[in-house]
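S.K.: Below is a structure I'd like to ask you about.
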Amino acid sequence: SIDVLEGEYFFLCYLESMQEHFQEEAYAINWYKDNAGKQELIQESHRIVSQINFLEFWPVELGDSGNYSVIHSNGKQNLTIQKWTLNVLERNKSSCFNKNHLTTEIKNAGTGHSLKCSDLSVNENNSITWYKDCKNYENETERELDFETLTVQHSGIYTCKILISREGKIYHSTNTIKLVVEEDAPEVVTLEIVGRDEEIETEIGKEEILNCTGFLGYYMPEDASLYWLINQEFPEKCTGIPENDPSICEEELKKLQLGTKFYVTRLLQIKKVTDEDMHHNFTCMLQADERTQIKIVKLKKGNTRDLPVHIFTTGMVLAVLFPCVAVAAVFVCVMFRVDLVLFYRNICGRDDAARDGKEYDAFVSYLKDCVSPTEEEREFALKVLPMILEENFGYKLCIFERDVSPGRAVVDDIQSFIDKSRRLIIILSQNYVSDRAIYELESGLHKALVERKTKIILIEYMPISDYSFLPESLSLLSSKRVVKWKKDKSLPVNSRFWKNLRYLMPAKPTKKNIKGHYNNLDVGSQGAQPWTGGCDFNGVV
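Per UniProt numbering, the very first residue in the sequence shown carries number 1; after that it's consecutive.
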């Protein structure tokens with residue numbers, strides 16, 4: 001069976017050596033297509049043309065699917081030379097390729113390799129263009145795309161497009177290859193649980209969620225399992241426990257793929273920490289391919305970070321003595337928790353950046369490609385965020401397009417700057433996912449979910465109804481780490497948007513000269529001013 005995309009130039013061809021059966025006498029060549037079990041002679045038209053041993057389609061259409069054959073006849077006998085089954089695939093209107101019409105090549109990093117554009121045209125002089133993930137790739141025009149040394153960043157979907165001219169019209173054919181570059185050969189990958197044995201500081205009565213993540217390698221073993229033990233006993237499943245039950249339960253196993261690597265993860269939910277829990281061993285067990293790894297987590301008493309314990313204790317005493325005041329206090333704490341935390345930080349002059357050795361408070365990831373109908377995301381990232389967070393609240397942001405000198409290695413820089421940042425701010429919109437944006441997102445998810453070094457803040461810049469375009473692992477992030485931009489309503493510095501964003505940012509002493517409103521920005525209301533700095537069509541600076 002031969003697969004071909006609708007709307008492209010295509011031809012069937014049989015070997016000329018088959019003509020030796022009729023060297024001594026005249027013969028006729030006829031092409032046939034099966035129709036309801038009967039062979040019908042193909043009549044030539046402007047679109048379907050036969051030339052010697054070729055049957056050409058200018059272009060092929062969905063109705064051309066079927067069984068074809070070529071028959072030689074000398075008037076005495078007929079000889080079927082060759083048969084084909086042609087399957088015409090419908091073109092994906094939102095992409096330059098069809099996922100059912102590609103080949104996959106898996107290679108190891110550090111080796112050389114060439115991608116070859118199949119012989120889609122008879123004429124060797126036709127124009128050829130290469131694309132990576134539907135974007136023009138480095139102006140390559142040769143039939144072979146050579147990589148001297150492969151890296152993981154070379155992974156992607158490559159499409160070569162051949163332009164063919166006929167009678168003043170331009171036709172095309174495409175060939176798509178999915179290239180997967182692996183860091184190591186799968187057989188040498190060591191099964192491991194991410195992170196070492198650890199002790200977690202907590203308080204009696206506090207909720208704790210223990211995360212265990214196992215690295216499986218570059219494929220997902222069928223027998224992979226990961227589970228928790230509490231003093232060598234299995235905990236109950238969360239699916240069978242009421243929400244108000246103050247016990248410990250184990251959530252469902254989740255399987256993740258970050259780039260070419262496969263992980264499994266499972267959460268252990270401790271709804272209320274008790275004094276007895278401080279003496280338990282919480283053991284994570286990872287088993288796959290007849291191998292086992294373990295990780296032990298222990299709880300110990302520590303200090304709360306934002307609100308001191310004596311504030312809650314005083315509130316409980318007041319609740320006994322003055323019920324009405326207690327109800328009001330609970331209401332205020334629930335409704336104005338963010339305001340209270342910001343007030344506490346401001347009074348105490350807390351600075352989380354004092355001793356952690358990191359250079360930036362946040363790395364800002366936003367849509368940088370020319371696929372957005374407006375420049376609002378870019379305007380918001382380059383103008384609004386720095387003006388509010390840096391000039392008014394003393395934060396230091398890392399904005400790639402602003403802070404990184406041109407000509408440096410983009411992938412290494414992105415990884416380095418995320419490592420140097422305490423938070424990863426993602427300005428999320430329906431158009432967010434692109435080459436560099438998805439790399440920044442996957443790097444941040446790896447830091448947050450696997451290494452637990454960086455916290456992610458999602459800014460929903462435009463309403464999103466369908467999150468299916470985002471990686472599945474993003475669902476593991478808490479919904480409390482999402483803030484929504486509401487255009488004019490969010491412009492004032494004292495709006496709920498900026499308060500929620502500062503609450504998720506590291507504690508920082510507040511500057512005194514804070515302006516009340518930025519009406520001159522007009523972001524999200526009347527549209528951003530056109531961006532004159534150019535844009536990168538290839539998605540990577």
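Even for Gly, the Cβ is constructed at its ideal location relative to N, Cα and C.
Have a look at I81 and V181 and give me their C-alpha separation to the nearest angstrom.
M.R.: Taking the sequence shown and counting its residues from 1, one reaches residue 81 at position 81. Taking the sequence shown and counting its residues from 1, one reaches residue 181 at position 181. Their backbone Cα atoms lie some 42 angstroms apart in a straight line.
S.K.: Looking at the strands, I want to know which residues DSSP matches up with K58.
M.R.: Within the sequence shown, numbered from 1, the residue matching residue 58 stands at position 58. One detail in the question is off: residue 58 reads as Trp in this sequence, not Lys. In DSSP, W58 forms no bridge with anything.
S.K.: Are there 16 or more other CB atoms within 10 angstroms of the CB of V334, so buried, or fewer, so exposed?
M.R.: Position 334 of the sequence shown holds residue 334. By the 10 Å Cβ count, V334 comes out exposed.
S.K.: By DSSP, does N35 sit in helix, in strand, or in coil?
M.R.: Numbered from its first residue, the sequence shown carries residue 35 at position 35. Residue state, collapsed to three classes: strand.
S.K.: In the structure shown, what three-state DSSP assignment does A353 receive?
M.R.: Taking the first residue of the sequence shown as position 1, residue 353 is located at position 353. Coil, per DSSP.
S.K.: Is the separation between the beta-carbon of L210 and that of L286 shorter than 8 angstroms?
M.R.: One-based indexing of the sequence shown puts residue 210 at position 210. One-based indexing of the sequence shown puts residue 286 at position 286. Result no, Cβ atoms of L210 and L286 do not sit closer than 8 angstroms.
S.K.: Using the Cα positions of Q257 and E138, report the straight-line distance between them to the nearest angstrom.
M.R.: Reading the sequence shown from its first residue, position 257 is the one you call residue 257. Reading the sequence shown from its first residue, position 138 is the one you call residue 138. Using only the alpha carbons, I get a separation of about 28 angstroms.
S.K.: Of all the options F363, T454, F234, which has the alpha carbon lying nearest to the alpha carbon of I427?
M.R.: For this step, residue 427 is matched to residue 427 along the sequence shown. Ranking F363, T454, F234 by Cα distance to I427 puts F363 first.
S.K.: Could you name the residues of the same chain whose beta carbon sits closer than 7 angstroms to that of E148, not counting the 5 residues immediately before and after it, in chain order?
M.R.: Here residue 148 corresponds to residue number 148 of the sequence shown, with the count starting at 1. Cβ within range, chain order: G112.
S.K.: Classify R291 as helix, strand or coil using the three-state DSSP reduction.
M.R.: If you number the sequence shown from 1, residue 291 lands on position 291. DSSP places R291 in strand when its eight states are reduced to three.
S.K.: Quick check: the region 493-501 against the region 348-365, are at least 3 beta-carbon pairs closer than 8 angstroms?
M.R.: No, the region 348-365 is not in contact with the region 493-501.
S.K.: Look at the alpha carbon of R337 and the alpha carbon of P509, and state the distance between them as a whole number of angstroms.
M.R.: To locate residue 337, count along the sequence shown from 1; it is residue 337. To locate residue 509, count along the sequence shown from 1; it is residue 509. Near 18 angstroms, if we compare the C-alpha coordinates of P509 and R337.
S.K.: On the three-state DSSP scale, how would you describe A362?
M.R.: Translated into positions along the sequence shown, residue 362 becomes position 362. Three-state DSSP puts A362 in a strand.
S.K.: Thinking C-alpha only, which one of K261, K271, T239, Q232 is nearest T283?
M.R.: Your numbering for residue 283 matches position 283 in the sequence shown. Closest option to T283, Cα to Cα, is Q232.
S.K.: Using 8 angstroms as the threshold, is the region 78-97 in touch with the region 59-68, meaning 3 or more CB pairs across them?
M.R.: With the cut-off at 8 angstroms, the region 78-97 and the region 59-68 touch.
S.K.: Taking the alpha-carbon positions, what's the Y219 to T159 distance?
M.R.: By one-based count along the sequence shown, residue 219 stands at place 219. By one-based count along the sequence shown, residue 159 stands at place 159. Approximately 25 angstroms, taken between the alpha carbons.
S.K.: Which value, in whole angstroms, describes the spacing of the CA atoms of Y503 and I128?
M.R.: Counting from 1 along the sequence shown, the entry for residue 503 is found at position 503. Counting from 1 along the sequence shown, the entry for residue 128 is found at position 128. Cα-Cα distance, rounded: 53 angstroms.
S.K.: When you compare only the Cα positions, how much space is there between I162 and K93?
M.R.: Numbered from its first residue, the sequence shown carries residue 162 at position 162. Numbered from its first residue, the sequence shown carries residue 93 at position 93. Each residue's Cα considered, the two are about 19 angstroms apart.
S.K.: Three-state secondary structure (DSSP) at H46?
M.R.: Position 46 of the sequence shown holds residue 46. Coil.
S.K.: Output the distance between the C-alpha atoms of I157 and G217, rounded to the nearest integer angstrom.
M.R.: Along the sequence shown, read from residue 1 onward, the residue named residue 157 stands at position 157. Along the sequence shown, read from residue 1 onward, the residue named residue 217 stands at position 217. Rounded to whole angstroms, I157 to G217 spans 22 angstroms at the Cα level.
S.K.: Between which two residues does the beta strand (DSSP E) harbouring K161 extend?
M.R.: Residue 161 sits at position 161 when you count from the first residue of the sequence shown. Element bounds for K161: 156-166.
S.K.: According to DSSP, is A328 helix, strand or coil?
M.R.: As a first step, residue 328 must be located in the sequence shown, where it is residue number 328. The answer is helix: DSSP assigns A328 an H, G or I state.
S.K.: Which residues mark the beginning and the end of the alpha helix (DSSP H) in which D403 is found?
M.R.: Residue mapping note: residue 403 aligns to position 403 of the sequence shown, counting from 1. Counting along the chain, the alpha helix (DSSP H) containing D403 begins and ends at 400-403.
S.K.: Quick check: what's the CA-CA separation for T103 versus Y366?
M.R.: Numbered from its first residue, the sequence shown carries residue 103 at position 103. Numbered from its first residue, the sequence shown carries residue 366 at position 366. Their Cα atoms are separated by approximately 32 angstroms.
S.K.: Work out the CA separation of N78 and S1 for me, nearest whole Å.
M.R.: Translated into positions along the sequence shown, residue 1 becomes position 1. Translated into positions along the sequence shown, residue 78 becomes position 78. Taking the straight line from one Cα to the other gives about 24 angstroms.
S.K.: Note down, in chain order, each residue of its chain lying with its Cβ closer than 8 angstroms to the Cβ of L152, except the 5 sequence neighbours on either side.
M.R.: Start at 1 with the first residue of the sequence shown, and residue 152 comes out as number 152. A quick correction: the sequence has Val, not Leu, at residue 152. These residues qualify, in order along the chain: A109, V181, E182, E183, G259, T260.
S.K.: Do you know whose CA, among T239, D3, F234, lies nearest S173's CA?
M.R.: Within the sequence shown, the letter at position 173 stands for residue 173. Residue D3 is the option with its Cα nearest to S173.
S.K.: Assign K33 to one of two classes, buried (16 or more other C-beta atoms within 10 Å of its C-beta) or exposed (fewer than that).
M.R.: Numbered from its first residue, the sequence shown carries residue 33 at position 33. Its Cβ being crowded by 16 or more others within 10 Å, K33 is buried.
S.K.: Taking the C-alpha atoms as reference points, what is the distance between L382 and P221?
M.R.: Position 382 of the sequence shown, counted from the start, is the residue given in the question as residue 382. Position 221 of the sequence shown, counted from the start, is the residue given in the question as residue 221. Cα to Cα, the separation comes out at about 44 angstroms.
S.K.: Going by beta carbon distance, what residues of the same chain come within less than 6 angstroms of K132, once the five residues before and after it are set aside?
M.R.: The residue you call residue 132 lines up with position 132 of the sequence shown. So the qualifying residues of the chain are G156, Y158.
S.K.: Buried or exposed for I106, please, with buried defined as at least 16 other CB atoms from any protein chain shown within 10 angstroms of its CB.
M.R.: Counting from 1 along the sequence shown, the entry for residue 106 is found at position 106. Exposed: under 16 other Cβ atoms inside 10 Å.
S.K.: Please state whether the Cβ-Cβ distance between Y27 and S73 is less than 8 angstroms.
M.R.: Numbered from its first residue, the sequence shown carries residue 27 at position 27. Numbered from its first residue, the sequence shown carries residue 73 at position 73. Going by C-beta atoms, Y27 is nearer than 8 angstroms to S73.
S.K.: Alpha carbons only, please: which of K116, N67, N136 is nearest the one belonging to C96?
M.R.: In the sequence shown, the residue the question calls residue 96 occupies position 96. Nearest of K116, N67, N136 to C96, Cα basis: N136.
S.K.: Under the three-state reduction of DSSP, which class applies to N100: helix, strand or coil?
M.R.: Along the sequence shown, read from residue 1 onward, the residue named residue 100 stands at position 100. It is coil, neither helix nor strand.
S.K.: List the residues that DSSP assigns as beta-bridge partners of N225.
M.R.: Mapped onto the sequence shown, residue 225 falls at position 225. Checking the sequence shown, residue 225 turns out to be Ser, not Asn. Answer by DSSP bridge pairing, in chain order: Q287.
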